[in-house]
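If you read the protein sequences in the order shown, they are chains A and B. When we follow full-length UniProt numbering, the leftmost residue of the first sequence carries the number 1, and every step to the right adds one. When we follow full-length UniProt numbering, the leftmost residue of the second sequence carries the number 1, and every step to the right adds one. Notes follow the structure.
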Amino acid sequence: MCESSAQSMSKCTELTLNRDAVIDTDRISNLPDSLLYHILSFLPTKEAVATTILSKRWKPLWTLVPTLDLRDNRWEKPKCFKYIVYRVLALHIAPSLRGFRLTCHSPCNSFHLDTWIHAALARNVQQLHLEIYLDGRPDDGHDYKGKDFKLPSSLYTCKTVVVLELRGGIFLDPPPSFQFPSLKILRLSKIIYGSMNSILTLISGCPVLEDLSVVRVTTNRVISFKIKVHTLKRLHIGFKSYKPEPPDYNLEIHTPALEYFRFSGHLRNIVFHEKLAHLIEARVNIYAPEDWTRVYEIYYGDRVFKLLRALNNAKFLSLFPGDKECIAFGSIYPSMFQNVVRLNFKVTPSNWHVLLALLLVAPNLEVLDLKKDYDNENRLCWMELPDAPGCLSSRLTTFNFDGFEKLDHEVKFVKYILKEARALNTTTIKIPAKLSKEDVFETLSMFPGLSTTCLITVEKDNSLE
Amino acid sequence: MKFCTVKQYFDDENNNNVTNGIATTVIPLPNKHLKIKANNKEMEQYEQELLRNVMPQELTKLILAANYLNFKEALDFFCRTVANAIQNKSVDYVRKFFGLESDFEPGEEEKLCKEFAWSFEGVDED
Numbered sequence: 001m002c003e004s005s006a007q008s009m010s011k012c013t014e015l016t017l018n019r020d021a022v023i024d025t026d027r028i029s030n031l032p033d034s035l036l037y038h039i040l041s042f043l044p045t046k047e048a049v050a051t052t053i054l055s056k057r058w059k060p061l062w063t064l065v066p067t068l069d070l071r072d073n074r075w076e077k078p079k080c081f082k083y084i085v086y087r088v089l090a091l092h093i094a095p096s097l098r099g100f101r102l103t104c105h106s107p108c109n110s111f112h113l114d115t116w117i118h119a120a121l122a123r124n125v126q127q128l129h130l131e132i133y134l135d136g137r138p139d140d141g142h143d144y145k146g147k148d149f150k151l152p153s154s155l156y157t158c159k160t161v162v163v164l165e166l167r168g169g170i171f172l173d174p175p176p177s178f179q180f181p182s183l184k185i186l187r188l189s190k191i192i193y194g195s196m197n198s199i200l201t202l203i204s205g206c207p208v209l210e211d212l213s214v215v216r217v218t219t220n221r222v223i224s225f226k227i228k229v230h231t232l233k234r235l236h237i238g239f240k241s242y243k244p245e246p247p248d249y250n251l252e253i254h255t256p257a258l259e260y261f262r263f264s265g266h267l268r269n270i271v272f273h274e275k276l277a278h279l280i281e282a283r284v285n286i287y288a289p290e291d292w293t294r295v296y297e298i299y300y301g302d303r304v305f306k307l308l309r310a311l312n313n314a315k316f317l318s319l320f321p322g323d324k325e326c327i328a329f330g331s332i333y334p335s336m337f338q339n340v341v342r343l344n345f346k347v348t349p350s351n352w353h354v355l356l357a358l359l360l361v362a363p364n365l366e367v368l369d370l371k372k373d374y375d376n377e378n379r380l381c382w383m384e385l386p387d388a389p390g391c392l393s394s395r396l397t398t399f400n401f402d403g404f405e406k407l408d409h410e411v412k413f414v415k416y417i418l419k420e421a422r423a424l425n426t427t428t429i430k431i432p433a434k435l436s437k438e439d440v441f442e443t444l445s446m447f448p449g450l451s452t453t454c455l456i457t458v459e460k461d462n463s464l465e
Numbered sequence: 001m002k003f004c005t006v007k008q009y010f011d012d013e014n015n016n017n018v019t020n021g022i023a024t025t026v027i028p029l030p031n032k033h034l035k036i037k038a039n040n041k042e043m044e045q046y047e048q049e050l051l052r053n054v055m056p057q058e059l060t061k062l063i064l065a066a067n068y069l070n071f072k073e074a075l076d077f078f079c080r081t082v083a084n085a086i087q088n089k090s091v092d093y094v095r096k097f098f099g100l101e102s103d104f105e106p107g108e109e110e111k112l113c114k115e116f117a118w119s120f121e122g123v124d125e126d
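Quick look at the structure:
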C-alpha cells in the first residue's frame, strides 16, 4: 500500500544515488512533458499510474502517455483486474495509442476483451500485443487446452496497426479479403489457426510486411503451409511440441528479399523456392526429444544439410544442428559458404563432423565461435581432421572456444586451428571452474607451430556451478 | 544516416543543448548498436556497463541531447533506463530520484493514495 517515507536507500542495480549529493531540483523534472510521457511509456501502466502521486505536475501525466500496458498478475483477483482496466480506459485520454499491450493470464470473459481491444482500435493503435488465455494460463511447460479467444472482426479492418503480436489461446481466422495495409511486423506464437490457409490469407493481406515470426505448437495432423511474401526481410520459424509423437509439416517459403532467417525446434520439410541472394544472417537451432530422433535419425542429417544449403549465402551463421540428430547423415556440404565471415557453432560429441565439414567449405571465415553444450556423459568422439594444409580459411583471425575441458578431441582441434590458421591473432579459451588456467595454458603453449603474433587468453567460466 | 542534425550542431556555435561530454557518449552508440543488434543479452550487458559510469543527473542531459539529435535508438535507450530505475520503487524513492517535492494540499495525497491503491501494490522494500 501507500507507505510514507523510509530512511534507507533501496538497492538499485543500474544507477546509484549518491546519498551525500545535493538534491538537485534541476533534474529530470526539467524535461518537457513530451519527454516525460516518453519515459513513462516504457513502464507497465500500473507503474505509470503510480506516478500520479508524485506532485501536482505529475498527477495527470499518466493519462496522456501514448501507450497502455495492462498485465494481470495471476495472484491478483481476476475481478480486480477487470475493474482496473475499465477505470484506466475511462481516465486515460491520450487521443492516439502508439502501443497497446494486454496480457491476460487469468480466466476472463471474451466480451470484456472485445471491449478493451475495441477501445485500442478506436485510438488508432500502431502496436498491438495480445496474450490471452480465456480459461487461465496453464503452468509452465504445458499446452493450453482451454477455450480459444476469437479475435473481434473489427481487428481485421485496422488500418493503423504496424506491429501485431499474438500469443496464447487465440483463434486466428482472417476473412478472405482482409487487409492490414500498414503492418510491418507480425509475431504469431503458439496460437490456433482456423484452417491451413489462415497464415497465407493473413500475410497476403499485408502488402508491406517486413518481419514475420511464426512459432507453432504442432498438432496430430500434418501441417502444410506457404509463406509467400516478396517484401519480407526477417523470418523466424519455430516448431515446438509437447506431444510424444513427432510432428509432421511441410513448409514452402517464397521470400526472395530475405536478410535474416531463424529456425528453432524440430526440423521436417522446409523448402525455399527462391534463392536467398540477400541473406545476411542465419540462425539455426535444432532440437528434438530423443524418441523422435531414434525413429527418424536416418533422414535427419539430410534434412539439416538441405536447410543449410539454402542458407549458404549468409555472412553470419549461427548453428546448432542438434545433438543426437546428426549421428547418421548422408552427403556433406555440396555447396560453398563463400560469404560466411562469422560462424557460431554449438558443439556436442555427435556433431563435430558437421563443424569440420563446414570449415572445409568456408574459405572466407574470419571469426569462429565455438560453444560446447555441456554433456555429462563424456562420450567418446571420433574426429577426423584434414591432413592436407590449406583446408582452413586463410582469413581466420579470431577463434573462441567456450567450454574447453581438455578432452582429447578438443585438444586435437585447438591444436589444429592454432597451427593452420595463419592469420589468427586472437584466441580465447573459456574453461569450467574445475580446471586450472595455468594447466590449460601450459598445454596450449606446448603445441608445435604456434604463431608468435597470436594472443591466447584462457578464462574461467564462473557462471556454471 | 542518423546524423543530419549533428552537422547542424557543429555549425551552430551558440548551441548549449549538447555539451562535448555528452556527444562522446551518444555518438559512438550507433556503431556499437549495429554490431550487437542481433544479440540481446550482450546489448543488456553493454547498456548496464555504460550506465554504471553515468550519474543520474547526466541522464537528463543525455535524453535532451538524443532528442535534439533526433536519435531515436539512443532516446529510447536512455528513457527506458530511467523507467527501469524507477520501476517498482516507492513514492519517496522516486521523488528523490527526480528531485521532486510533494506540493499537494493536505489530504489530497491521501485521497489519491486510496483512489489508486492498486497501483502501489508490490513495491520493493526501500
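In this text, a Cβ means the ideal position worked out from N, Cα and C, and glycines have one as well. These numbers were taken from a predicted model, which means no experiment stands behind them.
Asked: DSSP-derived helix/strand/coil call for A:Arg309; Found: helix
Asked: Cutoff 8 Å: B:Phe98 Cβ touching any chain A Cβ; Found: yes
Asked: Short-range partners of chain B found in the stretch 337-358 of chain A, where Cβ spacing is below 8 Å; Found: none
Asked: For A:Gly330, the three-state DSSP class (helix, strand or coil); Found: Confidence in A:Gly330 is poor, its pLDDT being 49 and thus under 50, which makes the residue's placement unreliable; the coordinate value appears in the next sentence. Of the three classes helix, strand and coil, the one that applies to A:Gly330 here is coil, per DSSP.
Asked: Whole-angstrom C-beta distance between A:Val347 and A:Leu358, which should lie under 8 Å; Found: Not quite, the Cβ-Cβ distance comes to about 11 Å (not below 8 Å), so this is no contact.
Asked: Chain-order list of residues whose beta-carbon lies under 7 Å from that of B:Gly21 (same chain, five-residue window excluded); Found: Its pLDDT being 47, under 50, B:Gly21 is placed unreliably by the model, and the measurement read from it follows with that caveat. Within the same chain, B:Gly21 has no close Cβ partners at all.
Asked: Cβ-Cβ distance between A:Ser96 and A:His118 below 8 Å; Found: no
Asked: Pair within 8 Å by beta-carbon distance, B:Val82 and A:Leu54; Found: no
Asked: Unbroken alpha helix (DSSP H) run spanning A:Ala119, endpoints; Found: Ser110 to Ala122
Asked: Straight-line Cα distance separating A:Glu410 from A:Leu251; Found: 37 Å
Asked: Collapsed DSSP secondary structure at A:Tyr249 in the structure displayed; Found: strand
Asked: Top-ranked residue by Cα proximity to A:Gln309, from A:His142, A:Thr52, A:His273 and A:Thr398; Found: Rather than Gln, the amino acid found at residue 309 of chain A in this sequence is Arg. Here the closest residue by C-alpha is A:His273.
Asked: 8 Å Cβ cutoff, B:Leu69 in contact with chain A; Found: no
Asked: Sub-8 Å separation of B:Phe78 and A:Ser29 beta-carbons; Found: no
Asked: Straight-line Cα distance separating A:Leu91 from A:Lys228; Found: 43 Å
Asked: Check whether A:Asp72 and A:Phe81 have beta carbons under 8 Å apart; Found: yes
Asked: Bridge partner(s) assigned by DSSP for A:Val458; Found: A:Ile429
Asked: First through last residue of the beta strand (DSSP E) which encompasses A:Ala282; Found: Glu281 to Ile286
Asked: For A:Cys129, the residue or residues it bridges with in DSSP; Found: The amino acid at residue 129 of chain A is misidentified as Cys; the sequence shows His. Answer by DSSP bridge pairing, in chain order: A:Arg101 and A:Glu165.
Asked: CB contact flag (A:Val163, A:Ser189, <8 Å); Found: no
Asked: Residue nearest to A:Trp352 in terms of C-alpha spacing, selected from A:Pro363, A:Ala362, A:Leu370 and A:Leu365; Found: A:Leu370
Asked: Rounded separation between A:Asp302 and B:Tyr93 - CA only; Found: 59 Å
Asked: Range of the contiguous beta strand (DSSP E) that encloses A:Thr45; Found: No beta strand (DSSP E) holds A:Thr45; the alpha helix (DSSP H) holding it covers Thr45 to Ala50.
Asked: Exposure of A:Gly390, with buried meaning 16 or more beta-carbon neighbours within 10 Å; Found: exposed
Asked: Check whether A:Thr443 and A:Lys406 have beta carbons under 8 Å apart; Found: yes
Asked: Counterpart residues of B:Asp92 in DSSP-defined beta bridges; Found: DSSP lists no partner for B:Asp92.
Asked: Inter-residue Cα distance where the pair is A:Phe263 and A:Asn344; Found: 15 Å
Asked: Listed by chain order, chain A residues near B:Leu62 by CB distance under 9 Å; Found: By Cβ distance, chain A contributes nothing, its closest Cβ being about 11 Å from B:Leu62, past 9 Å.
Asked: Beta-carbon spacing of A:Gly169, A:Tyr193 below 8 Å; Found: no
Asked: C-beta contact flag for A:Val217 and A:Ser195 at 8 Å; Found: no
Asked: Euclidean distance between Cα positions of A:Pro178 and A:Cys158; Found: Sequence inspection shows Phe at residue 178 of chain A; the Pro mentioned does not correspond to that position. Whole-angstrom Cα-Cα distance: 10 Å.
Asked: Presumed contact (8 Å Cβ cut-off) between A:Leu368 and A:Asn313, rounded CB distance; Found: A:Leu368 to A:Asn313, Cβ: 19 Å. No contact.
Asked: Contact the stretch 51-66 of chain A vs the stretch 101-112 of chain A: 3+ CB pairs below 8 Å; Found: no
Asked: Interface partners of B:Phe104 on chain A, CB under 7 Å; Found: Lys56
Asked: C-beta atoms of A:Lys233 and A:Leu267 nearer than 8 Å; Found: no
Asked: N- and C-terminal bounds of the alpha helix (DSSP H) containing residue 156 of chain B; Found: Since the first and last residues shown for chain B are 1 and 126, residue 156 of chain B lies out of range.
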